[in-house]
Every structure is written in C-alpha cells, then in structure tokens.
Amino acid sequence: MEKTFNIDDPFAFTVCRIEPENNVHLLLQAFSESPKMLLVIVGNWAYSTYGKFLKEKYVNSSSVILHDPIYDQQKLNALRSRCTLYLHGHSCGGTNPSLVEAMYLGLPIAAYDCNFNRETTENHALYFKSAEELNELIHLLNPEKLQFVAQSMKTVADRRYTWKRIAKCYACIL
C-alpha cells in the first residue's frame, strides 16, 4: 500500500482495472474535492498511461489511497468487507463480477449510472454520472440509507446471482 490508514476510519472502496471506462478519474476527483471519507482504490496503476497519470496526480492526496493489485481473494474481501461504501465506476460491459461480489458481501453500493449497473442492481443501488453527483451523494449519506442499500444489494444477490439460477438460465439457452 502506498499509504497506511486507520481501518476504523470510514472509507469508500473499489477494485478495478485502471481504465477510462471505469471512471476512476471521477472517483478520484470527487473524493479529492470532498474529504468526508477516505477513498481506497485497488488497481493496476502501472499498466497504462491513464493509470500512471492518475497515480502521479493523486498519490499525495490525503483523502485517497492508491493500492496496487491484490490477487489474494481473502485479502481483497477482508478489505472490501470493511468499507463504508463500495464504488463501482464501470460504464461498459455487462454483469461485472466485482459488483456482484460486493452485493454478496452486503455492501452499500454507489454505481456509475448506466443500464448495465442498474440492471445488475435492479435499480436499488445509489447512482452517479459525474464527480459532482458523487460528491453530493457522499455528503447526503447517513447510516440508515447505507444500511437500506446494503440490505437491498444482499437481497438482490441472494435471489438473482446463485449457481442454481445461473445454471437454469444456461440450460434454457441450450
């Protein structure tokens, strides 16, 4: 980790490839402008020009922690499960495994506002499309809202993303 921090501090968390379509720049901008809580991002910072640029720009920010990839799922889940808010900035693709994993952990989720994320979360997450919207969302958070969103995410995951249901859907296709 580039920095250490008190795990008791409230923090938002995301794990992703550091690519423009994952909107890492929006997350970093929102949290650097509003240090209400820490932001911890685990990703491949050295992989692209975009990642290197963002790391250089934000590595000394007191409100963000930029962590290199963690490939040990237990370590990743231990960190992820302690976050106050899970952020999902992905704007492309379909059902994203990291989003579903966060849902299964019963985390409150703020996701980039796109059809894929709304479909995956059944419109029960919090959504943002800009750093300004994310900043506003962070300031309006309260324990009751976080708990409600977390419970909603867990309910959706338990009902929708099970091996039994997925196997049944595949069987229907075949």
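The opening residue of the sequence shown carries number 1472 in this note's numbering; numbering runs sequentially from there.
Beta carbons are placed, not taken as given, at the ideal position from N, Cα and C, and that holds for glycine.
Considering only their Cβ atoms, is the gap separating Asp1543 from Trp1516 smaller than 8 Å?
As a first step, residue 1516 is located in the sequence shown; it is residue number 45 there, counting from the start. As a first step, residue 1543 is located in the sequence shown; it is residue number 72 there, counting from the start. Taking 8 Å as the Cβ cut-off, Trp1516 and Asp1543 do not qualify as a contacting pair.
Specify the secondary structure class of Cys1643 as computed by DSSP and reduced to three states.
On the sequence shown, position 172 is the one that residue 1643 refers to. Reduced to three states, the DSSP call for Cys1643 is helix.
Which of helix, strand or coil DSSP assigns to Leu1547:
Taking the first residue of the sequence shown as position 1, residue 1547 is located at position 76. Helix, per DSSP.
Pair every Cβ in the region 1556 to 1570 with every Cβ in the region 1476 to 1492, then say whether three or more of these pairs are closer than 8 Å.
yes
Under the three-state reduction of DSSP, which class applies to Gly1514: helix, strand or coil?
Stepping through the sequence shown from its first residue, residue 1514 is reached at position 43. Strand, per DSSP.
Just to confirm, is the Cβ distance from Leu1570 to Ala1581 under 8 Å?
The residue given as residue 1570 occupies position 99 in the sequence shown. The residue given as residue 1581 occupies position 110 in the sequence shown. In this structure, Ala1581 does not lie closer than 8 Å to Leu1570 by Cβ.
Local conformation of Ser1559 per DSSP, three classes:
Walking along the sequence shown from the start, residue 1559 turns up at place 88. Looking at the sequence provided, one finds His at residue 1559 rather than Ser. Strand at His1559.
Grouping DSSP H, G and I as helix and E and B as strand, with all else coil, what is Tyr1575?
For the purposes of this step, residue 1575 is taken as residue 104 along the sequence shown, with counting starting at 1. If DSSP states are grouped into helix, strand and coil, Tyr1575 belongs with the helices.
Using a Cβ-Cβ cut-off of 6 Å (strictly less than) and excluding sequence neighbours within five positions of Glu1593, which residues of its own chain qualify?
Translated into the one-based positions of the sequence shown, residue 1593 becomes position 122. Here the set comprises Val1627.
Alpha carbon of Leu1509 to alpha carbon of Ala1602, nearest angstrom:
As a working mapping, residue 1509 is identified with position 38 in the sequence shown. As a working mapping, residue 1602 is identified with position 131 in the sequence shown. Approximately 15 Å, taken between the alpha carbons.
Tyr1529 burial status per 10 Å Cβ neighbour count (16 or more: buried)
Counted from its first residue, the sequence shown places residue 1529 at position 58. So Tyr1529 ends up on the buried side.
Go through its chain and collect everything with a Cβ distance to Ser1533's Cβ below 7 Å, but skip five positions before and after it.
Within the sequence shown, residue 1533 is the residue found at index 62, counting from 1. So the qualifying residues of the chain are Pro1506.
Return the residue from the list Pro1491, Phe1524 and His1610 that minimises the CA-CA distance to Phe1502.
Walking along the sequence shown from the start, residue 1502 turns up at place 31. Comparing Cα-Cα distances from Phe1502 to each of Pro1491, Phe1524 and His1610, the minimum goes to His1610.
Please work out which residues of its chain come closer than 8 Å, Cβ to Cβ, to Leu1547, disregarding the five sequence neighbours upstream and downstream, and give them in chain order.
Locating residue 1547 in the sequence shown gives position 76, where the first residue counts as 1. The residues are Val1486, Val1513 and Ile1541.
Thinking Leu1608 and Phe1599 are a contact (beta carbons under 8 Å), I'd like their distance in whole angstroms, please.
Walking along the sequence shown from the start, residue 1608 turns up at place 137. Walking along the sequence shown from the start, residue 1599 turns up at place 128. Yes, they are in contact, since the Cβ atoms of Leu1608 and Phe1599 sit about 6 Å apart, within 8 Å.
Quick one: grab the DSSP three-state call for Tyr1583.
Stepping through the sequence shown from its first residue, residue 1583 is reached at position 112. Residue state, collapsed to three classes: strand.
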